[in-house]
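Position 302 (the sequence shown) corresponds to 302 in UniProt numbering; numbering is contiguous. A virtual CB, placed ideally from N, CA and C, is assigned to each residue, including glycine. Here the structure is a predicted model, which means the values were calculated and not measured.
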Amino acid sequence: DINTHNLLGTGGKVAKAYSAVLRELWMGSHQYQNVSPTALKRAIELFAPQFSGASQQDSAELITYLLDALHEDLNRVKNPPYVEMPDVDLGRKLSISGAEAWQLSCLRNDSFVYDNFYGLYKSKCVCPLCNKVTVKFDPFNHITLEIPQQPLRHIAVLLIRDCAETGPQLPTKYCVSLPNTANIYSLKEKLSEVTGVSLERLCLCDVDFEKHGFRGMYNNDQQPISVIPQVIKHLVVAYEIAPLDDKTQIHCALTHFAVDSNLVDVGGINRRPIGTPLFLSFDPSLSCAQIYDKILMYVISFAKIDSSGSMSKEALRSNLRIRIENEGLSLLIPSDAKETLPAILGDVFADSIIHLIELEWVDIVGSRIHLSNFRAAACHPSYLEQEKKLGSSDPSSVSLYECFESFTQPERLDDENMLYCSGCKKHVQAMKTVTLWRIPKI
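Below you can see the structure in the form of structure tokens.
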């Protein structure tokens, strides 16, 4: 059945080499013999030099070429007639037109490969000028599917409110849905609508929850939301603070550390990072003792303990030390100091826009403070709904059905692939819809 005279084939070389590989695989004399398809590779290289050499090749491109080559080598049609696939007469049943289109294609193509590996596309084009509908059928042996992009991006946000405005409360998780093309400003705008927090008072940060510290800030409103990592259950942390350009306020980034004064390592007292960092703003006129009180107002909601209720500020104060870290300066702030931060820091205070504060929780192991409370958060219905969806499927995965569904969606032809409309006699950017009309057996 090998057609050695087909000008579109390889003279039977690829078919014979492929047949030899199959015989060796299924009828080899040794059960565990290695099969090296060297002859097949050489035959393919001879007619398709793009596959020559030992570099990595596109597997889909190779399979497509191999199917074409095998079909042409096995094509039983010795003298193929000229066949033109006509436009479908819309006055007839599509089932009849589709069957006729397949029969027309078989006048030039008749092989085992064509019978089992080829199908028919149905393409429908609508002219945007005269609305003329054109339908055609075309054979195919492979389908190139794109991974569809989700139209919306779902971003989880942990909001930490300004306790001076709202009183002590747990951070709350929200989920905000935005178009993939949105920017950071749009995210703030949407979050402001959901939470009621003024857009100007929202500061978005990238927090490393494993290392309990800041990775960076999303302070450029024009940045696209694509800068936010697309990781399952990734949380953007939003802090309600005074705007960063408000010179009448002190802006401080706070991180938590658990300190065990009974254990000493090479570097001194043993301590490790814990909890979610905070971002607060203070009035410069506040004394250090008042700053202690304001910080305690934030963390007291984290320190809900057992059945005895939540701890008082005095109980928390005994476990807490506040340390300023600025420009190489490390300074413990007395909890009862009446001086202000600007007075204590001097020139270092004036040179910094954001001040780094470390909250050292001393000997909390065995105390009424539980470390798990530093990760506690409430959940808004928007977050719970999205979390439920995440539990039912992996949001990063796309099913094959979704890829086919995307493939069959209408699309506008670009400038380089315009359709000649027989109705208005012009090349137009028609709206094209491709569907699978006849699928192969394999």
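Item                                                                                                                : Value
Enclosing alpha helix (DSSP H) for Ala39 [first to last residue]                                                    : Thr38 to Phe47
Opening and closing residue of the beta strand (DSSP E) in which Asp336 lies                                        : Where Asp336 is concerned, there is no enclosing beta strand (DSSP E), given that its DSSP letter is neither H nor E.
Cβ separation of Ser330 and Arg321, assumed to be a contact under 8 Å, to the nearest whole Å                       : That belief does not hold up - the Cβ atoms of Ser330 and Arg321 are roughly 12 Å apart, past 8 Å.
Environment of Ala378 [buried if 16+ CB atoms lie within 10 Å]                                                      : exposed
Nearest-angstrom Cα separation, counted from Gln290 out to Gln222                                                   : 37 Å
Cβ contact check for the stretch 429-439 and the stretch 108-127: 3 or more pairs under 8 Å                         : yes
Reduced DSSP secondary structure (H/G/I, E/B, other) of Asn141                                                      : coil
DSSP-derived helix/strand/coil call for Gly213                                                                      : strand
Endpoints, the alpha helix (DSSP H) within which Pro342 is located                                                  : Leu341 to Leu345
Boundaries of the beta strand (DSSP E) in which Ala238 is found, first to last residue                              : Leu235 to Glu240
Neighbour-count burial assignment, Thr181, 16 or more Cβ in a 10 Å radius                                           : exposed
His427 classed as buried or exposed, judged by whether at least 16 other C-beta atoms fall within 10 angstroms      : exposed
Beta-carbon proximity of Asn141 to Asn75, cut-off 7 Å                                                               : no
Nearest residue (CA-CA) to Ala164, options Ala242, Val35 and Thr144                                                 : Ala242
Among Phe47, Ala101, Thr144 and Tyr114, nearest to Lys441 - alpha-carbon criterion                                  : Tyr114
Nonlocal neighbours in the same chain, by C-beta distance under 7 Å from Gly309, ignoring five residues either side : Reliability of the predicted coordinates at Gly309 is poor, the pLDDT of 47 falling under 50, and the value obtained from them is presented with this limitation in mind. Correct list: empty, nothing qualifies.
Lys122 (DSSP reduced to helix, strand or coil)                                                                      : strand
For Pro179, the three-state DSSP class (helix, strand or coil)                                                      : strand
8 Å contact criterion, which Asp87 and Val135 should meet: CB distance rounded                                      : 7 Å
Closest by C-alpha distance to Phe209, when choosing among Gln429, Ala376, Glu411 and Leu40                         : Ala376
Cα-Cα separation between Asn34 and Val14, rounded to whole angstroms                                                : 21 Å
Whether Phe279 touches Ala253 by CB criterion (7 Å)                                                                 : yes
Selection from Cys403, Tyr401 and Pro81 that minimises the alpha carbon distance to Trp108                          : It is worth fixing the name first, because residue 108 is Arg in this sequence and not Trp. Arg108 has its Cα closest to that of Pro81, out of Cys403, Tyr401 and Pro81.
Residue of Val299, Pro342, Ser318 and Thr255 minimising C-alpha distance to Asp283                                  : Pro342
With 16 other Cβ atoms within 10 Å as the buried cut-off, status of Gln386                                          : buried
Residue of Ile357, Lys78, Pro381 and Ser55 minimising C-alpha distance to Asp1                                      : Lys78
Leu332, DSSP secondary structure in three states                                                                    : strand
Start-to-end residues for the alpha helix (DSSP H) that takes in Glu193                                             : Ile184 to Thr195
Candidates Val236, Asp110, Leu8 and Leu356, of which the one nearest Leu191 by Cα                                   : Val236
Lys338 beta carbon less than 7 Å from that of Ser287                                                                : yes
Close beta carbons around Asp246, own chain, < 8 Å, minus the five adjacent residues each side                      : Ser281
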